[in-house]
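Everything below concerns the one structure shown next.
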Amino acid sequence: MSGGTFMGMPAFPQAAKAALADTRLRANLTHATHTIRTKRATAVAELDDWNDLREAGKQIKDHTLAHLDTYLLQLEAAVTTAGGTVHWATDADDANRIITDLVHATGHTEVVKVKSMATQEIGLNHALEQAGITAVETDLAELIVQLDDDLPSHILVPAIHKNRAQIRDIFTHHMHHWGRPAPDNLTDTPADLAEAARLHLREKFLRAKVAISGANFMIAETGTIVVLESEGNGRMCLTLPDTLITLAGIEKILPTWQDLEVFLQTLPRSSTAERMNPYTTTWTGTTPHDGPQNFHLVLLDNGRTNTLADPTGRQALRCIRCSACLNVCPVYERTGGHTYGSPYPGPIGAILTPQLHGTTTPLHASLPYASTLCGACYDVCPVAINIPDILIHLRERITQGGSAQQQGRKVTVKPAKGHAAERAAMRTAQWALTHPTALGTAQRLATTTRRLHPRRLPGPGKAWTTTRDLPTLPPTAFRAWWKTRSLPTSAPAQNGRTTP
Amino acid sequence: MTTSRDQILARIRTALGPPADHQPPYEHAITRTYRTTHATRTPRERTALLADNLTDYRAHVHHTTPDGLPALIARLLADHGSRTLITPTDLPPHWLSAIPPSDVEIRTDDPHLTHHDLDTTDSVVTGCALAIAETGTIVLDTGPGQGHRRITLIPDHHICVIHAPHQIHDSLPQALLHLDPTHPHTLISGPSATSDIELDRVEGVHGPRTLDAVIVTE
Numbered sequence: 001m002s003g004g005t006f007m008g009m010p011a012f013p014q015a016a017k018a019a020l021a022d023t024r025l026r027a028n029l030t031h032a033t034h035t036i037r038t039k040r041a042t043a044v045a046e047l048d049d050w051n052d053l054r055e056a057g058k059q060i061k062d063h064t065l066a067h068l069d070t071y072l073l074q075l076e077a078a079v080t081t082a083g084g085t086v087h088w089a090t091d092a093d094d095a096n097r098i099i100t101d102l103v104h105a106t107g108h109t110e111v112v113k114v115k116s117m118a119t120q121e122i123g124l125n126h127a128l129e130q131a132g133i134t135a136v137e138t139d140l141a142e143l144i145v146q147l148d149d150d151l152p153s154h155i156l157v158p159a160i161h162k163n164r165a166q167i168r169d170i171f172t173h174h175m176h177h178w179g180r181p182a183p184d185n186l187t188d189t190p191a192d193l194a195e196a197a198r199l200h201l202r203e204k205f206l207r208a209k210v211a212i213s214g215a216n217f218m219i220a221e222t223g224t225i226v227v228l229e230s231e232g233n234g235r236m237c238l239t240l241p242d243t244l245i246t247l248a249g250i251e252k253i254l255p256t257w258q259d260l261e262v263f264l265q266t267l268p269r270s271s272t273a274e275r276m277n278p279y280t281t282t283w284t285g286t287t288p289h290d291g292p293q294n295f296h297l298v299l300l301d302n303g304r305t306n307t308l309a310d311p312t313g314r315q316a317l318r319c320i321r322c323s324a325c326l327n328v329c330p331v332y333e334r335t336g337g338h339t340y341g342s343p344y345p346g347p348i349g350a351i352l353t354p355q356l357h358g359t360t361t362p363l364h365a366s367l368p369y370a371s372t373l374c375g376a377c378y379d380v381c382p383v384a385i386n387i388p389d390i391l392i393h394l395r396e397r398i399t400q401g402g403s404a405q406q407q408g409r410k411v412t413v414k415p416a417k418g419h420a421a422e423r424a425a426m427r428t429a430q431w432a433l434t435h436p437t438a439l440g441t442a443q444r445l446a447t448t449t450r451r452l453h454p455r456r457l458p459g460p461g462k463a464w465t466t467t468r469d470l471p472t473l474p475p476t477a478f479r480a481w482w483k484t485r486s487l488p489t490s491a492p493a494q495n496g497r498t499t500p
Numbered sequence: 001m002t003t004s005r006d007q008i009l010a011r012i013r014t015a016l017g018p019p020a021d022h023q024p025p026y027e028h029a030i031t032r033t034y035r036t037t038h039a040t041r042t043p044r045e046r047t048a049l050l051a052d053n054l055t056d057y058r059a060h061v062h063h064t065t066p067d068g069l070p071a072l073i074a075r076l077l078a079d080h081g082s083r084t085l086i087t088p089t090d091l092p093p094h095w096l097s098a099i100p101p102s103d104v105e106i107r108t109d110d111p112h113l114t115h116h117d118l119d120t121t122d123s124v125v126t127g128c129a130l131a132i133a134e135t136g137t138i139v140l141d142t143g144p145g146q147g148h149r150r151i152t153l154i155p156d157h158h159i160c161v162i163h164a165p166h167q168i169h170d171s172l173p174q175a176l177l178h179l180d181p182t183h184p185h186t187l188i189s190g191p192s193a194t195s196d197i198e199l200d201r202v203e204g205v206h207g208p209r210t211l212d213a214v215i216v217t218e
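As they're listed, the protein sequences go chains A and Y.
So in the UniProt record's numbering, spot 218 of the first sequence is number 218, and the numbers just go up one at a time.
So in the UniProt record's numbering, spot 129 of the second sequence is number 129, and the numbers just go up one at a time.
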């Protein structure tokens with residue numbers, strides 16, 4: 001039971017069409033996203049310096065990214081001095097191999113996991129399963145997804161697409177395959193469901209010898225790792241086992257301990273709409289007689305350096321995975337997370353996935369178009385990532401091609417297929433707008449034939465008008481009207497002058 | 001052979017290009033115009049805010065004096081029906097002086113206790129490093145009166161003693177200045193909770209499901 005895989009997912013428009021037909025999914029998502037949206041706004045409104053915190057968070061992340069090599073080396077030295085071991089992984093395979101070897105070296109075949117986006121990104125559970133190691137997800141929502149052999153659909157709440165009755169059924173039908181069965185006559189009240197998860201996982205926590213976690217923040221100056229959570233499953237995994245393996249993207253770094261004062265204020269409020277999440281754990285290397293005595297930190301690239309090379313796109317690496325952008329997105333609210341074909345759904349996924357993995361597959365090339373460009377995501381982002389700007393930038397990259405960095409080498413990306421009509425239309429527009437006479441002729445022709453225009457475009461433009469009507473043309477083009485307009489004789493003219 | 005470490009560092013340097021010549025030191029690189037505290041409060045107001053925020057997240061807040069502390073701890077254990085208690089080795093002994101020995105077996109934090117031993121322990125009593133009023137947060141740093149991290153994790157009932165006014169700080173920025181990052185920390189804001197079912201918060205998953213925060217005012 002490795003959980004599903006995002007491999008072979010269709011491009012966003014096809015996946016979205018299927019998702020939109022699922023009325024229960026839409027009801028679940030509408031309920032959940034609207035609940036959290038209002039709460040977030042209230043939690044943020046409590047702080048009158050929110051914009052200053054947001055700006056500082058943005059600057060701290062930008063500064064760190066601009067000196068990433070320096071801070072990574074500082075972090076490595078600090079973690080090593082504090083008794084930890086640092087590993088570097090260029091890609092998913094590299095990271096999976098390192099972690100599998102580390103688990104094998106302990107001699108154990110079961111690991112407990114704290115919810116981690118990075119391990120989702122590299123498909124760690126599947127890699128461990130291939131190596132004969134069982135990875136037990138301990139976050140409630142991750143547990144729901146794992147028991148149901150499903151895929152995560154939200155960064156914070158991977159089972160957001162399931163309602164309480166569905167979760168009850170998953171527990172009743174699948175918990176006994178993994179360990180302690182669900183209690184008899186389990187109800188669908190959230191408190192009872194949480195109790196069932198507590199009982200199911202308790203034995204696993206107490207006997208676990210190896211844990212795997214992600215990291216919310218890593219402090220370069222001290223080597224401190226920080227994990228925020230709510231349930232206490234994180235504390236269990238980070239405290240009780242003998243060996244702790246933490247996988248973190250190289251962009252999760254902050255220069256100083258003081259920098260936490262910004263992000264520990266902005267992350268919980270943006271994420272679960274709380275002043276502070278119930279539990280935050282920080283640790284620095286190993287501590288004698290307290291917590292895991294073997295600590296390994298695996299630093300992951302997996303496309304992050306490709307992203308760093310793009311001056312417009314690199315701001316996506318500021319992301320602290322709060323998921324506020326998902327909760328406000330009109331597209332995410334309707335299609336859900338699976339349609340984005342990666343563990344990173346929603347607006348952030350639409351800019352992160354194509355940058356981490358390139359735009360060569362139809363799915364990845366479709367993601368920058370999975371947006372209305374309304375900008376709600378940018379408004380709520382606690383590190384001010386201008387998601388609409390990056391979406392437009394990526395659309396340009398896809399239709400026009402351009403230079404990029406891949407695995408440290410400069411490459412030229414070819415224009416993607418399927419955008420020929422768009423390119424032709426833009427070239428024509430560019431020519432027409434720089435040739436006024438031709439433009440005038442074309443406009444006259446277009447307006448005089450306006451009654452004959454179809455509501456939908458034929459040929460390659462058909463897809464564009466599948467979901468929208470062509471705009472109706474006015475009887476006269478603006479430029480033609482401007483030339484022929486009759487000026488009123490007694491009204492005040494421009495520039496404040498009056499006629500006598 | 002090029003290591004993954006070398007490759008990643010080389011990729012970063014290629015991505016960033018040559019470093020700029022004049023760069024301000026980090027202390028001056030960031031505009032920190034945010035507040036270090038969101039209000040000016042008297043010690044009494046600070047304590048009240050902490051109590052309010054802890055209560056908001058379903059911690060049970062109790063106020064007492066140094067003299068009243070032992071009786072309060074004894075009552076909280078009795079109310080919870082606790083038969084076993086674990087404490088840090090350096091907890092002031094008089095805190096436990098009102099607990100009837102026949103009712104509660106008292107264990108002390110000991111590396112030889114197994115996780116299962118702790119799982120059969122009903123309650124834990126500790127002090128804390130400090131508390132943060134604006135966020136309703138208690139910070140443990142394994143310092144005096146707190147014990148190892150696992151004793152405040154596995155038992156289902158945590159009684160945590162906070163001394164007012166000196167242990168209560170206004171805000172997160174002020175509190176962080178008093179913490180040593182080399183120690184392991186646990187920041188606690190209410191009992192264990194989850195928002196994983198329909199994004200609605202419910203209390204009580206893996207951590208202690210009952211948090212009694214005892215504020216002792218000198």
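Note that the Cβ used here is the ideal one computed from N, Cα and C, for glycine as well.
Residues of the same chain with a CB within less than 6 Å of the CB of A220 (chain A), apart from the 5 flanking positions on each side, are Y71, Q74, L75, I253, P255 in chain order.
Nearest to T126 (chain Y) by alpha-carbon distance, out of Y:A10, Y:A213, Y:R35, Y:H22, is Y:A213. Beta-bridge annotation (DSSP): M218 (chain A) is paired with A:I225, A:I253. Taking a C-beta cut-off of 7 Å against chain Y, the contacting residues of the stretch 267-288 of chain A are T272, R275, M276, N277, P278, Y279, T280, T281, T282, W283, T284, T287, listed in chain order. With contact defined as three or more Cβ pairs closer than 8 Å, the stretch 181-190 of chain A and the stretch 178-193 of chain Y are not in contact. In the structure shown, Q258 (chain A) falls within a helical segment according to DSSP collapsed to helix, strand and coil. With distances taken between CA atoms, Q120 (chain A) lies nearest to A:S213 out of A:S213, A:L65, A:H104, A:W482. Rounded to the nearest whole angstrom, the C-alpha separation of P436 (chain A) and P475 (chain A) is 19 Å. The CB of G136 (chain Y) comes closer than 8 Å to the CB of R275, M276 in chain A, given here in chain order. By the Cβ rule, the stretch 390-410 of chain A counts as touching the stretch 364-378 of chain A, because three or more pairs are nearer than 8 Å. Bridge partners of N294 (chain A) according to DSSP: A:T243. Around L65 (chain A), the same chain offers E251, L308, R314, L317, R318 as residues with beta carbons nearer than 8 Å, after the five sequence neighbours per side are excluded. Nearest to T109 (chain A) by alpha-carbon distance, out of A:T372, A:N277, A:K209, A:P345, is A:K209.
Rounded to whole angstroms, V86 (chain A) and A424 (chain A) show a C-alpha spacing of 51 Å. With distances taken between CA atoms, G401 (chain A) lies nearest to A:P415 out of A:K410, A:R409, A:R395, A:P415. Between the alpha carbons of N294 (chain A) and R275 (chain A) lies a distance of about 33 Å. At the C-beta level, P362 (chain A) and A11 (chain A) come within 7 Å of one another. For L9 (chain Y), the three-state secondary structure derived from DSSP is helix. One Cα belongs to I99 (chain A), the other to R40 (chain A), and the distance between them is close to 36 Å. Pairing L470 (chain A) with N163 (chain A), the inter-Cα distance amounts to about 39 Å. Unbroken beta strand (DSSP E) stretches of 3 residues or longer found wholly inside the stretch 117-204 of chain A: 134-137, given in chain order. A check of alpha carbon separations from T89 (chain Y) across Y:S102, Y:S82, Y:V124 identifies Y:V124 as the nearest. Assigned with DSSP and collapsed to three states, G402 (chain A) falls in strand. Distance from the Cα of T412 (chain A) is smallest, within the candidate group A:L457, A:T359, A:M426, for A:T359.
Listed along the chain, the chain A residues whose CB falls inside 9 Å of the CB of S123 (chain Y) amount to none; the nearest CB is some 16 Å away.
With respect to A211 (chain A), V112 (chain A) sits close: the two C-beta atoms are nearer than 7 Å.
By the C-beta criterion, the stretch 131-144 of chain Y is judged to be in contact with the stretch 159-170 of chain Y, since at least 3 inter-stretch pairs fall below 8 Å.
When CB distances to chain A are screened at a threshold of 9 Å, the residues of the stretch 196-208 of chain Y falling below it are D196, I197, E198, L199, D200, R201, V202, E203, G204, V205, H206, G207, P208, in chain order. The beta carbon of N277 (chain A) lies closer than 7 Å to those of L228, E229, S230, P268 in the same chain, with the five residues before and after it left out. Taking 7 Å as the cut-off, the Cβ atoms of I387 (chain A) and C377 (chain A) count as close. Within the model, the alpha-carbon separation for D103 (chain Y) versus G232 (chain A) is close to 29 Å.
For T142 (chain Y), the C-beta contacts it makes with chain A under 8 Å involve T287, D290, in order along the chain.
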